[in-house]
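Colleague: This is the structure, below, for whatever I ask next.
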Amino acid sequence: MVDPPAPTLSHIDRAVAWFARLGARRPLRVLLCTLLVIALSVATASRLEFRQDFIELLPSESVGARLLRRAMARMGGGSATMFVVVDSPDAEANRRIIDALEPQLRALPPTLVRTVEHGPEEIRRFFWERRWLYADVGDLEEISCELQRARRRAQPGFVDLDDEPCSELRSDHGRAPAESTTTAAPAPTDPEPANVSAAARPFHHFRAQLRQRTREVDQYPTGYFRNPDGTLYAIVMRSPASGTGDRTGDQLMARATQIIRDVHPERFHPRAQVGLGGDIPNAIAERDALKEEAIKTSGVAVLLILGAIVVFFRSFSALAHIGLAMLTGVGLAFSVAFFAFGYLNASTAFLGSIIAGNGINYGIIYLARYRDRRALGDSVEAALVDAAVVSRRGTQLAALAAAFAYGTLMLTSFRGFSQFGLIGGVGMIFCWCATMIVVPATVTAVEALRAKLLPRRAARVA
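Taking the working numbering, I'd label the letters of the sequence shown as residues 917 to 1378.
Here's what the structure looks like:
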């Protein structure tokens, strides 16, 4: 009886069989190359910047994103704020700390700081120069009436026949308080000079009334941002940073923190404390918290995955076989992300656990087939070659299907999805390739180590 001819292997099958033999014959070289790839990929991926800015998720060509970027470019960047808050029971000490900090904060480069204010001088000056734009209609009518009468009084032969005062000619005169759109003007507290003429008296009254209203609404009469008892003082800094945890915000916060240390607030008062608040510190704290959650989530996912592998194979050595291949694929995927984008956004930060969860499937199938062949008496190399060729047919299709499924997200203009699709797609391909290359080497190394340590149990399945 003639044996049937051996099936002809495809080019891909011959390739995976070659890698299986390479891992079986040169396991240390393959493992050293694998560790080098992991080290380089981890070093590259660790340079990824994390951006939680929602702008990074918007379509790059959307109208809204273009308008927002155009507005930010016109303003010279974002408009984030950071507060330097001084706290101590001594108001005078707080003021001196503010005076010591402000010049050094103003000396920061314009790429970090746009304005530094210890009080509302700029705002107060802006509104005072444009104060008539904020006057009530009735006040403007009364002032206009007084100006017209003053001009007539200045003419020769003028005889004053007006009986009604200008205050009664206002359009809101006589209106009920609930119907009036204006508030009653407070009586001026400034004393009237004795030498004021009758014609100038109404205008002096207006000026005094304006100063009185200003004092009533001015929350910072001392010229400093402070609370009423002076235990809290603040400096307001406006930066071109976006206020979403970007690099500019990190640099500004680091420089401001160093300036605070150099000033030594404790030399002004032993209980003096200086802290930072506002958009920039809050965004940095939120970003760091999100990054920490991403690391914790990925770590827990990997531990659960590896635990499931140990339970299924009842062997801790399976962690080396599958875990090393999975780590290689995940590291290479994020290295591609670094060269393609240079950063991770809020949607791709948690992608590591997803790639790991899907990427272990190929190693599980490969290792299960290897154990079956070893149980039937095959040698290590023969079992690895058979496992590579047989598992290739299903796992390759699964990896390509998963990669294409992720890849469809790249067709969207929403960058949060498109970046997710690229990283996830290449991650599936890298995990499959790493399985075919790394698993044979780890299996051979573990089998050789077990044969040396336990000669009588050399035939035990890895």
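We treat Cβ as the ideally placed atom computed from N, Cα and C, and that holds for glycine.
This one's a predicted model, so the numbers in the text were calculated from it and none came from an experiment.
1) State the DSSP-derived secondary structure class of A1304, mapped to helix, strand or coil.
2) Output the residue ranges of the alpha helix (DSSP H) runs that lie fully inside the region 1024 to 1081 and measure 4 residues or longer, sorted by chain position.
3) Start and end of the beta strand (DSSP E) containing T997?
4) Under 8 Å between the Cβ atoms of F999 and G1193?
5) Going by DSSP, which residues form a beta bridge with M1153?
6) Which of helix, strand or coil does DSSP assign to Y1282?
7) Terminal residues of the continuous alpha helix (DSSP H) containing L1369?
8) Rounded to the nearest angstrom, what separates R942 and S1155 at their Cα positions?
9) Under a Cβ-count criterion, where at least 16 other Cβ atoms within 10 Å of its own Cβ denotes burial, should P1137 be classed as buried or exposed?
10) With C-beta atoms as the reference, is T1351 less than 8 Å away from G1279?
11) When you compare the CB positions of A1009 and F1141, do they come within less than 8 Å of one another, or not?
12) Measure the CB-CB distance between L1300 and A955 and report whether it falls below 8 Å.
13) Please state if the CB of A1256 and the CB of D996 are separated by a distance shorter than 8 Å.
14) Leaving out five residues before and five after V1252 in sequence, what residues of the same chain have Cβ atoms less than 6 Å from its Cβ?
15) For Y1259, list the residues DSSP reports as bridge partners.
16) Sorted by chain position, which residues of the same chain lie with C-beta nearer than 7 Å to G1146's C-beta, five sequence neighbours on each side aside?
17) For my contact list, V1354 and T950 are in at a C-beta cut-off of 8 Å; report their separation, rounded to the angstrom.
18) Taking buried to mean at least 16 other C-beta atoms within 10 Å of its own C-beta, is I1176 buried or exposed?
19) Quick check on the burial criterion: 16 or more other C-beta atoms within 10 angstroms. Buried or exposed for P1356?
20) What residues are listed by DSSP as bridge partners for G1159?
21) Where does R925 sit, in a helix, a strand or coil, going by DSSP?
22) Considering only C-alpha positions, which residue in the set I1271, A1236 and F1250 is nearest to E1363?
23) Identify every run of the alpha helix (DSSP H) within the region 1171 to 1197, keeping only runs that are complete inside it and at least 4 residues long; order them along the chain.
24) Measure the CB-CB distance between K1207 and A1265 and report whether it falls below 8 Å.
25) Can you have a look at L925 and say buried or exposed, based on whether 16 or more other CB atoms are within 10 angstroms of its CB?
26) Select from W1348, D1204 and L1168 the residue whose C-alpha is nearest the C-alpha of R967.
27) By Cβ distance, which residues of its chain are closer than 6 Å to A1016, with the 5 residues on each side in sequence left out?
28) Flag this pair as yes or no: are the beta carbons of A1241 and I1271 separated by less than 8 Å?
29) Look up R1230 in the DSSP assignment and say whether it is helix, strand or coil.
30) So what does DSSP say about R1086, is it helix, strand or coil?
31) Beta-carbon separation of G1247 and A961 under 8 Å?
32) So N1010 is in the alpha helix (DSSP H); what residue range does that whole segment cover?
33) How would you call P1005, buried or exposed, if buried means at least 16 neighbouring beta carbons within 10 angstroms?
Modeller: So, from the listed chains and residues:
1) Here residue 1304 refers to the residue found at position 388 of the sequence shown. It is helical.
2) 1037 to 1045 and 1053 to 1069
3) For the purposes of this step, residue 997 is taken as residue 81 along the sequence shown, with counting starting at 1. First-last of the beta strand (DSSP E) with T997: A996 to D1003.
4) Working through the sequence shown from its first residue, we reach residue 999 at position 83. Working through the sequence shown from its first residue, we reach residue 1193 at position 277. Against a cut-off of 8 Å, the Cβ pair of G1193 and F999 comes out as a contact.
5) Start at 1 with the first residue of the sequence shown, and residue 1153 comes out as number 237. In the DSSP output, where bridge partners are listed per residue, M1153 has M998 and V1032.
6) The sequence position of residue 1282 within the sequence shown is 366, counting from 1. Three-state DSSP puts Y1282 in a helix.
7) Here residue 1369 corresponds to residue number 453 of the sequence shown, with the count starting at 1. It spans R1331 to L1369 - the alpha helix (DSSP H) in which L1369 sits, taken as one unbroken run.
8) Within the sequence shown, numbered from 1, the residue matching residue 942 stands at position 26. Within the sequence shown, numbered from 1, the residue matching residue 1155 stands at position 239. Taking the straight line joining both Cα atoms gives about 57 Å.
9) Translated into positions along the sequence shown, residue 1137 becomes position 221. By the 10 Å Cβ count, P1137 comes out exposed.
10) Residue numbering aside, residue 1351 sits at position 435 when the sequence shown is read from its first letter. Residue numbering aside, residue 1279 sits at position 363 when the sequence shown is read from its first letter. Cβ atoms of T1351 and G1279: closer than 8 Å.
11) If you number the sequence shown from 1, residue 1009 lands on position 93. If you number the sequence shown from 1, residue 1141 lands on position 225. No. Outside cutoff.
12) Locating residue 1300 in the sequence shown gives position 384, counting from the first residue. Locating residue 955 in the sequence shown gives position 39, counting from the first residue. No, they are not a contact pair.
13) As a position in the sequence shown, residue 996 is number 80, starting the count at 1. As a position in the sequence shown, residue 1256 is number 340, starting the count at 1. According to the sequence displayed, residue 996 carries Ala and not Asp. Cβ atoms of A996 and A1256: not closer than 8 Å.
14) As a first step, residue 1252 is located in the sequence shown; it is residue number 336 there, counting from the start. V1342, listed in sequence order.
15) Along the sequence shown, read from residue 1 onward, the residue named residue 1259 stands at position 343. According to DSSP, which records beta bridges pairwise, Y1259 is partnered with E965.
16) Taking the first residue of the sequence shown as 1, we reach residue 1146 at position 230. Contacts found: A1007 and N1010.
17) Taking the first residue of the sequence shown as 1, we reach residue 1354 at position 438. Taking the first residue of the sequence shown as 1, we reach residue 950 at position 34. Indeed, because the Cβ distance is near 5 Å, the residues count as touching under 8 Å.
18) Counting from 1 along the sequence shown, the entry for residue 1176 is found at position 260. Its Cβ being crowded by 16 or more others within 10 Å, I1176 is buried.
19) If you number the sequence shown from 1, residue 1356 lands on position 440. The residue is buried, with at least 16 neighbouring Cβ atoms inside 10 Å.
20) Counting from 1 along the sequence shown, the entry for residue 1159 is found at position 243. According to DSSP, G1159 bridges with nothing at all.
21) In the sequence shown, the residue the question calls residue 925 occupies position 9. It is Leu, not Arg, that sits at residue 925 in the sequence shown. L925 sits in coil when the DSSP states are folded into three classes, being neither helix nor strand.
22) Within the sequence shown, residue 1363 is the residue found at index 447, counting from 1. When only C-alpha atoms are compared, the closest one is A1236.
23) For the region 1171 to 1197, not one full-length alpha helix (DSSP H) segment reaches 4 residues or more.
24) Looking up residue 1207 in the sequence shown gives position 291. Looking up residue 1265 in the sequence shown gives position 349. A contact, by the Cβ cut-off of 8 Å.
25) By 1-based counting over the sequence shown, the position of residue 925 is 9. With fewer than 16 Cβ atoms within 10 Å of its Cβ, L925 is classed as exposed.
26) Start at 1 with the first residue of the sequence shown, and residue 967 comes out as number 51. Of the listed residues, the one whose Cα sits closest to R967 is D1204.
27) Counted from its first residue, the sequence shown places residue 1016 at position 100. Cβ neighbours of A1016 beyond the five flanking positions: V1179.
28) By one-based count along the sequence shown, residue 1241 stands at place 325. By one-based count along the sequence shown, residue 1271 stands at place 355. The answer is no: Cβ separation not under 8 Å.
29) Residue numbering aside, residue 1230 sits at position 314 when the sequence shown is read from its first letter. Three-state result, R1230: coil.
30) What you label residue 1086 is simply residue 170 of the sequence shown in a count that begins at 1. In this structure, R1086 counts as coil in the three-state DSSP scheme.
31) Translated into positions along the sequence shown, residue 1247 becomes position 331. Translated into positions along the sequence shown, residue 961 becomes position 45. In this structure, A961 lies closer than 8 Å to G1247 by Cβ.
32) Start at 1 with the first residue of the sequence shown, and residue 1010 comes out as number 94. From DSSP, the alpha helix (DSSP H) with N1010 extends over A1007 to R1022.
33) Looking up residue 1005 in the sequence shown gives position 89. Its Cβ having fewer than 16 others within 10 Å, P1005 is exposed.
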